[in-house]
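I have placed the structure first, in the form of structure tokens, so that the comments after it can refer back to it.
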Amino acid sequence: MLESYLIGLVVSGGIIVAIGAQNAYVLGLAVRREHHWWSAGLCMGTDLLLVAAGMFGMSAVLLTVPGALEALRWLGVAFLGWLAAQALYRAGTGRGGLETGGGGERGRGRVLLATLAVTVLNPQVYLDTLLLIPSVGAQQESAAAFVAGAGSASVLWFSLLAWGGALLSPWLSRPGAWRAIDGAIGLMMAGIAAQLAGGSLGGLA
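Positions 1 to 205 (our numbering) are the ones given, in order, by the sequence shown.
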């Protein structure tokens with residue numbers, strides 16, 4: 001059970017850390033100190049609901065389609081490899097820092113609606129929570145422990161974004177910081193893809 005929890009924590013954490021629209025939006029709010037904890041909390045809850053739905057739904061599918069797990073495993077490898085390539089490309093070429101200026105603080109309701117839109121309108125969120133993470137979790141001994149680990153990763157990551165983004169806003173506003181972040185993300189995604197391709201993640205349970 002502990003192994004399932006830790007695998008959920010590591011796999012989900014590695015995927016969540018990939019800076020996409022959702023994470024960049026929360027980080028931008030944190031840099032501006034604009035209702036960032038409310039936004040982070042909404043992201044945590046949404047992630048947990050989606051991972052749980054994908055995890056338990058995936059288990060039922062795999063029971064009726066024995067070859068589905070193998071297909072999902074290689075789809076996961078390809079998707080993670082694509083994320084790694086994108087991140088490493090951004091690390092090599094660079095990109096602009098977060099804009100810390102703004103046109104006035106928005107109300108909490110508007111921030112939460114925008115956070116929800118960034119989350120549910122991003123196809124990558126569904127690939128991660130309904131497909132990729134459950135494809136690994138379905139191989140674990142305890143599905144509940146895996147989901148708990150995945151949920152913990154979301155809580156830890158978005159708490160770090162909200163707290164760290166506000167604390168380190170001067171540093172995070174510089175483009176050089178993003179190159180370091182993207183480089184770390186690319187290496188992490190490549191490592192997870194290699195482990196999944198070798199079947200070592202499933203073999204830990």
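All residues carry an ideal CB built from backbone N, CA and C; glycine is no exception.
* To do: Consult DSSP for L48 and reduce its assignment to one of helix, strand or coil.
  => For the purposes of this step, residue 48 is taken as the residue at position 48 of the sequence shown. The answer is helix: DSSP assigns L48 an H, G or I state.
* Do you know how far the Cα of Q195 is from the Cα of M1? -> Here the question's residue 1 lines up with position 1 in the sequence shown. Here the question's residue 195 lines up with position 195 in the sequence shown. Roughly 20 Å separates the two Cα atoms.
* Are I133 and V26 close, meaning C-beta to C-beta below 7 Å? -> As a first step, residue 133 must be located in the sequence shown, where it is residue number 133. As a first step, residue 26 must be located in the sequence shown, where it is residue number 26. Against a cut-off of 7 Å, the Cβ pair of V26 and I133 comes out as no contact.
* Output the residue ranges of the alpha helix (DSSP H) runs that lie fully inside the stretch 134-183 and measure 4 residues or longer, sorted by chain position. => 143-167 and 169-172
* Asked: Y89: buried (16+ other C-beta within 10 angstroms of its C-beta) or exposed?
  -> Reading the sequence shown from its first residue, position 89 is the one you call residue 89. When all chains shown are included, Y89 counts as exposed.
* V17 by DSSP, collapsed to three states: which one? -> Working through the sequence shown from its first residue, we reach residue 17 at position 17. Residue state, collapsed to three classes: coil.
* To do: With T115 as the anchor, note down where its alpha helix (DSSP H) starts and where it stops.
  => On the sequence shown, residue 115 is found 115 positions in, with the first residue counted as 1. Note, T115: alpha helix (DSSP H), R108 to V120.
* Mind checking whether L156 and L42 have CB atoms under 7 Å apart? -> By 1-based counting over the sequence shown, the position of residue 156 is 156. By 1-based counting over the sequence shown, the position of residue 42 is 42. No, Cβ-Cβ distance for L156 and L42 is not below 7 Å.
* **Rounded straight-line distance, which links the Cα of G14 to that of F56** => Your numbering for residue 56 matches position 56 in the sequence shown. Your numbering for residue 14 matches position 14 in the sequence shown. Each residue's Cα considered, the two are about 21 Å apart.
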